[in-house]
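Chains as they are written, first to last, in our numbering: chain A, 1 to 197; chain B, 1001 to 1241.
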Amino acid sequence: MRTRQCPTERRLRGGLISLTLAGVLMVWLPSAVAHHSFAALLTEDGGDVIEIYDGTIEIYKLLNPHTALIVNVDNEGVTEDWLVEMSSLAALVREGWADDSMSAGDDVTIAILRARAPQRGRLRAVLVHGEGGEPGRLLVAYGIRGDTPVMRRLADRLPYCGTIDGSLGRSQCFLVDAPALAALEEEFPGKMGYVMP
Amino acid sequence: MRTLVFLASFVGVTCLITVRAEAQGARATGEKSDFSGFYIGASRPFTEPEVYPFTPEGERGHDAYDPLTGDPRQYDDCAGESIPAVLWAGTVSNMQVVQEDDAVIELHYEHGGAERMIHMHGAAPATDEPHTNLGYSVGRWEGDTLVIETTHLTGGVVFTNRGYPLSSQTRLTERYTRDTESDLHMELTVEDPVNYTEPFKLGREWIWSPDDQIIPWNCVSLGDRDGEQDIDEIRRILNEL
């Protein structure tokens, strides 16, 4: 398990103490005060289109206003490069995300809220597969964070990585070893069924 | 003796009236509080009108607003911030109040690195003051309340994701009060005769967070969200960071 903190995160740790108190009041902002709209691709029923792929992280950069992932995914045998957005650096480092939360070369299975633009979307969840018998890490974000059924489902079954400040009620990181993953896949069928609505 | 008692009473009452008048005068003419510090924009409580008092033009503008085309950040993540939208800029609606002298209060927003200069003492805008996204702001103290009036806006919308149009004739009045926990309560009054038949109010809280600080924004645009994606250009940008 990687728990090394980037310098920015260490600098902000002190701030997180006060943020813990503030965070009690902070939940995912209502639509009235959201940053801007996400041009999501929607189903005929108005639901989010969630696509799930196996792939490899090519680039992961904490940035403002949106952290960026480029993921080389396998789409039925064809390699596609997807740009996957996350929250801002300013928000994520306060939650505990760091420069090494993901790394180039990480093998992942990723759930993406697809944008209207092709091969672009927002991160719903990413399972960073463990190496050498180490447990993987399931990082969850848009559509899951907060007091949601999927978050509660995962929290009931998996231990936390210990790197995310859960009091902010936003993203979370869970440890997933092979037996836990097998149990999840059996209980919630389908590819990454355990993070689906 | 009765005369002495009368004189003493007269002097006492007069002094009391004078002291109270001086106190009220001080509050009305320049007594100031210190709001310096870092604040996190809390999501609740957040207040807004149940019904916005649109003029016909305002209603047309609201109905026509599409956040996917009307918000410049759909095309450029680093488009300039605007008032009042930056006051509720999502999860990073954080604000630093810098209050180093009596002439100017600076408001630094984490989102977009926007900075506002609040001209105290009623410093009026120049006759040729341009209209901008952040406008021209004049501040004053009303007792312990910081009052900021902003004009010379280019216009825009109240919320980038929901619209509510604003014209260049908009006048915004922010009133900040600080509670015993040092949190700020903001009441915003919007006056725009082009789009609304009467002023309306919105409100939110800012949580004092003395151990935190502004994180430099260093904005990087990931390009147009609604067209063909130039992944090679985005890859080049990201690799050069």
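Backbone N, C-alpha and C fix where the C-beta goes; we use that ideal spot for every residue, glycine too. Every value quoted in this text rests on a predicted model; they were computed, and no experiment measured them.
Any C-beta of chain B within less than 8 Å: which residues of the segment 101-135 of chain A qualify? A115, R116, A117, P118, Q119 and R120
Validate contact between the segment 1104-1118 of chain B and the segment 1044-1055 of chain B using beta carbons, cut 8 Å, 3 pairs: no
Quick check: L154/A and V195/A, are their CB atoms within less than 9 Å of each other? yes
Which first and last residues belong to the beta strand (DSSP E) in which P149/A is found? Here P149/A belongs to no beta strand (DSSP E); instead the alpha helix (DSSP H) covers P149 to R157.
What did DSSP end up calling R1225/B once you bin it into helix, strand or coil? coil
Who are the Cβ neighbours of D1144/B in its own chain at under 6 Å, not counting the five residues just before and after it? S1033
Inside the segment 1144-1191 of chain B only - beta strand (DSSP E) runs reaching at least 3 residues: 1145-1151, 1156-1159, 1163-1166, 1171-1178 and 1184-1191
Between V108/A and V140/A, how many whole angstroms is the CB-CB distance? I'm expecting something under 8 Å. With a Cβ gap of about 13 Å, V108/A and V140/A do not count as contacting.
Might you give, ordered along the chain, the residues of its own chain that have their beta carbon closer than 7 Å to the beta carbon of S1036/B, omitting 5 neighbours on each side? V1097, V1098 and Q1099
For a contact meaning CB atoms closer than 8 Å, what does Q1229/B contact in chain C? Note that chain C does not occur in the displayed structure, where the protein chains are A and B.
Which residues of chain B have a Cβ atom closer than 7 Å to the Cβ of L42/A, listed in chain order? Those within 7 Å of L42/A in chain B number zero; the least Cβ separation is about 12 Å.
Below 9 Å between beta carbons: does that hold for R1162/B and Y1075/B? no
How about I70/A and E58/A: are their beta carbons less than 9 Å apart? yes
To the nearest angstrom, report how far apart A32/A and F1159/B are at their CA atoms. Low per-residue confidence applies at A32/A: pLDDT is 49, beneath 50, and the placement is therefore not dependable, though the value from the model is reported in the following sentence. The alpha-carbon atoms of A32/A and F1159/B are separated by roughly 7 Å.
Among residues of its own chain, excluding the 5 on either side of D1212/B, which ones have a beta-carbon nearer than 6 Å to its beta-carbon? F1038
Where do the ends of the alpha helix (DSSP H) carrying I1234/B lie? I1231 to E1240
Tell me which residue opens and which closes the beta strand (DSSP E) that G1266/B is part of. Outside the shown range of chain B (1001 to 1241) lies residue 1266/B, about which nothing can therefore be said.
Return the residues of the segment 86-99 of chain A that lie within a Cβ-Cβ distance of less than 9 Å from chain B, sorted by chain order. S87, S88, L89, A90, A91, V93 and R94
Pick helix, strand or coil for G47/A, following the three-state DSSP scheme. coil
Counted within 10 angstroms of its Cβ, other Cβ atoms place S103/A as buried (16 or more) or exposed: exposed
Of all the CB atoms in chain B, is at least one closer than 9 Å to the CB of T3/A? The predicted position of T3/A is uncertain, since its pLDDT is 29 and thus under 50; no value can be drawn from it.
is_contact[R1225/B, chain A] using C-beta, thresh 9 Å: yes
Determine whether the Cβ of P179/A lies closer than 9 Å to any Cβ atom of chain B. no
Assuming R94/A is part of the alpha helix (DSSP H), what are its boundary residues? L89 to E95
Could you work out which residues of chain A lie near N1218/B, taking near to mean beta carbons separated by less than 9 Å? L63, N64 and L89
Could you check if G47/A is buried or exposed, using at least 16 other CB atoms within 10 Å of its CB as the buried criterion? exposed
Taking the alpha-carbon positions, what's the M26/A to N1094/B distance? With a pLDDT of 38 at M26/A, under the threshold of 50, the modelled position of this residue cannot be trusted; read the value that follows with caution. Roughly 12 Å between the two C-alpha positions.
Alpha-carbon to alpha-carbon, A1089/B and P1199/B: 22 Å
Give every residue of the same chain whose Cβ lies closer than 8 Å to the Cβ of P189/A, excluding the five residues on either side of it in the sequence, and list them in chain order. none
Neighbour list for I57/A in chain B, Cβ cutoff strictly below 8 Å: Within 8 Å Cβ-Cβ: nothing; I57/A doesn't reach chain B, min ~12 Å.
Chain B residues whose Cβ lies nearer than 7 Å to that of A68/A: L1222 and L1238
Range of the contiguous beta strand (DSSP E) that encloses T109/A: D107 to R114
Which residues bound the beta strand (DSSP E) around H66/A? From DSSP, H66/A is part of no beta strand (DSSP E); its letter is neither H nor E.
Residues bridged to G1037/B by DSSP? V1097/B
State yes or no: is the beta carbon of D1179/B nearer than 9 Å to at least one beta carbon in chain A? no
Collapsed DSSP secondary structure at H1121/B in the structure displayed: coil
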